[in-house]
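Residue numbers (UniProt numbering): 1 to 946.
Following: one structure in structure tokens, then a few remarks.
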DNA sequence: GATGTCACG
DNA sequence: GACGTACGTGACATCA
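Right, here's the structure in full:
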């Protein structure tokens, strides 16, 4: 029986616009811009790879727009009239798209007077009618009208968004439009489309459009129903703009009966001849693809297609993500090449290889995830691609019945490895090496010097991920992205859930494959990514800030901080008692028992049963019961709301702090050891987990009690030093605002100064408003956001923003310049050169784009602040040691604050040193126009140190 | 696993 | 005009 035919229709024109905006401005050896062409080529490559797959194409054609004029312009001259002309460096790429298509020996269809959408629609319907399956390669929402399931005699039609690697079929359409494909046109006609200049109904967006069609079943029915609606803006608009909607319906309809310029059978795929493709790749300098082609085809006279024998790799996907460095030539991963080291002679041979290699990857395998509790189970090393080994040290130890495999004694092995691991001339590469540093430090091995592929990736690509692709810096992700290889996963080896076994019980052959592969992959990633630092300008931040910070933070984690278990326990009990009392009162007011902690149940009690006013929200259809809402209800006199608020606060404090922190005390050290992530925050800040010690309560009196449970060891005190208003100071410097700079130089109250500038006088009210506005500026302002915060109308908020910009003109310029630069380059930068990428800064989705804009305004400020405190952290211990204060311990970092533990008698000596290191941390790389103010306090607990 | 909520800078 | 309109995080409880 013949296989079912599957036609792929590639929406080429739409694709190149997206590729153009997503890719860096590459040029070929002749200087012709080819960024979009490159993206297009890699996409065709990926499609060609799927040739033999179940869902892959048997037939394929590329459809292009021939001209900007179509029959729609005859109906409606304004159609697509507000489109800007394509960018200058995109224009010359249009003809190259056809070249690329031809290079793959694919058919290219375009017709005068017809848009690509119409040709796609006509081919799709025709193919489905003769029972072919159809996949439209596009993400254009107009084309979603065509999607259908198919049946015995009709093929199915779906879509594929190659950039998001997402199939779009009925469920996705339902998610997006809330209706079936045959009604998508009706929804589109109501909402209009600003890009194509389709009017729709003024004031109706996607939400409203969907709702109307869902309720009434069709556009006509919805428009007819307007007359009977209760009086509203919407009603007026539906009636007034009825003609617009009807015109829009015609414009969004796809013409499904065009003459087909070429027979579908001609689209048959028979492999891709190598020669023309190679010539094309060569001409435009797409070397990584060219190499793949060579590798895949073996000898040129043998295989002559691009079949999955050698898939185009994620190296190419990586390139399409903007990583311009080609993958260095490395042999494919071969797990059978790894060696399991079970005797001293073999280990000594590997040690010699490490000494010769000078650059080695190291990975430790342990019994747990927590580096402060985990026991060492084995170590793997890699010295070159496929040259890797695993040294088991504690396998079979926990399962008494199993025979313990032969392995070198742990102490003997560490003694032999120590010279390598501590040798200044041998670079140790790790993926998240802070973990290995902490584990090995507990066995008295201080590993140095180190490089970290996770942090290198962060320096290069922070923020670069997109929904569905993943932009993380984990090893598996990096390996797939840069090496085109999926390493064995931990769960492949150890299982998952109840069946999970400790790594020490994994058989040695399997353990060797897994562990040595991790070291091998890490080594390769380093080889691939490290050179990019210099090329892409990441060296300074990586070498001067993040890399030296790794051992510093590792040391802080190992120090941990003492918490007073008894004090936490007392608080827990106190909270529990008060919660129980509140619970009774709340149930009494509700006249029934329910789960107060369930927002769903609480919402139903408050709004359905008790009848308070408040709206539903979101797609989940749940009532909002958050703090703001409950406070509103409390103002209306709802005592139950006040009680729920108090209950919530206690519940939060108890579960997240007083209970959890007791459980987090390490039984061996008696202290709490957080884990800091150096790649957790896109802006360059650290984040803290397990437990998070960066969000210990301080803002309320009751929460503050928890801080007092963080205590100094006997005879010591805690010293807290924080930067005062650092982000506002940086904003004053970066935006060059004279009056703010003067105020900081003079040590004035900055919010008061702002109030004076804005309102002419400083009162409690104007100062509070000024403070809100100052923060709004840092976070990327919008009139609605400010209005919401200040409780004023948007107009009034806008007037305040205007006033602010007038008084502090540099701010407006800073915002404009920052956005302009991010739109052009794709990333923002801190004063020290740290990049954060914003792939959605030019998104057509307004909410998404504006969200990116706000984040992009904030990132340089928040990121510079992070750079500064990190520089201070790197310099801190050397400076203290210099002053014979090497025994002072730096314990915590909370974004703008450092916490130390030291003998009470040393406080006065340490203060000026800590202050100076922090205040001077930007120098000499950057000289700020504003002083960095430091506030220092000390006491026997963290609360008292503030 | 997603969602809602809330702790911090 | 929508987006319950601010930036950056992590943890917990509930519920499907």
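Glycine included, every Cβ here is placed at the ideal spot set by N, Cα and C.
Because the structure is a prediction, the values reported are computed rather than measured.
Secondary structure remark: continuous alpha helix (DSSP H) runs of at least 4 residues inside the segment 347-393: none found. Each residue's CA atom was taken as its position, placing residue 759 and residue 530 some 53 Å apart. Straight-line measurement puts the Cα of residue 922 at about 6 Å from the Cα of residue 868.
Assignment of residue 420 by DSSP, reduced to helix, strand and coil, places it in the helix class. In the three-state reduction of the DSSP assignment, residue 256 falls in the coil class.
When DSSP states are grouped into helix, strand and coil, residue 181 belongs to the helix group.
With at least 16 other beta carbons inside 10 angstroms of its own, residue 734 counts as buried. Between the segment 791-807 and the segment 836-843, the count of C-beta pairs closer than 8 Å stays below three; the two stretches do not touch. Contact between residue 546 and residue 459 is confirmed by a C-beta separation of about 6 Å, below the 8 Å threshold. Nearest Cα to residue 731 within the set 188, 369, 865 and 208: 865.
For residue 858, the secondary structure class from DSSP, reduced to helix, strand or coil, is helix.
Membership of residue 918 in the alpha helix (DSSP H) is indicated by the continuous run 907-919.
Ranked by how close their Cα comes to the Cα of residue 627, the residues 419, 491 and 635 have 635 in first place. Exposure of residue 69 is indicated by the presence of fewer than 16 other C-beta atoms within 10 angstroms of its C-beta. Within the DSSP bridge table, the entry for residue 890 names 900 as partners. Per DSSP, reduced to three states, the secondary structure at residue 716 is strand. Annotated as distal: residue 625 and residue 653, with beta-carbon spacing of 8 Å or more. Per DSSP, the continuous alpha helix (DSSP H) segment holding residue 512 begins and ends at 508-536. In the structure shown, the three-state DSSP call for residue 15 is helix. Between the alpha carbons of residue 331 and residue 895 lies a distance of about 43 Å.
Taken through DSSP and simplified to helix, strand or coil, residue 937 comes out as strand. Beta-bridge partners of residue 829 (DSSP): 835. A distance of 8 Å or more separates the beta carbons of residue 528 and residue 429.
For residue 59, DSSP records a beta bridge to 7 and 268. Per DSSP, the beta-bridge partners of residue 562 are 671 and 711. Just so you know, the alpha carbons of residue 904 and residue 672 end up roughly 21 Å apart.
With contact defined as three or more Cβ pairs closer than 8 Å, the segment 356-371 and the segment 334-344 are not in contact. Contact between the segment 89-108 and the segment 276-292 is present: 3 or more CB-CB pairs across the two stretches fall below 8 Å.
Annotated as proximal: residue 116 and residue 11, with beta-carbon spacing under 8 Å. Boundaries of the alpha helix (DSSP H) around residue 643: 639-652.
The residue among 14, 212, 42 and 749 with its C-alpha nearest the C-alpha of residue 94 is 14.
The continuous beta strand (DSSP E) containing residue 107 extends over residues 107-109. With contact defined as three or more Cβ pairs closer than 8 Å, the segment 246-265 and the segment 178-191 are in contact.
Classified as exposed, residue 887 has fewer than 16 neighbouring CB atoms from the shown chains inside 10 Å of its CB.
Taking C-alpha positions only, residue 716 is separated from residue 703 by approximately 24 Å. Residue 33 is bridged by DSSP to 27.
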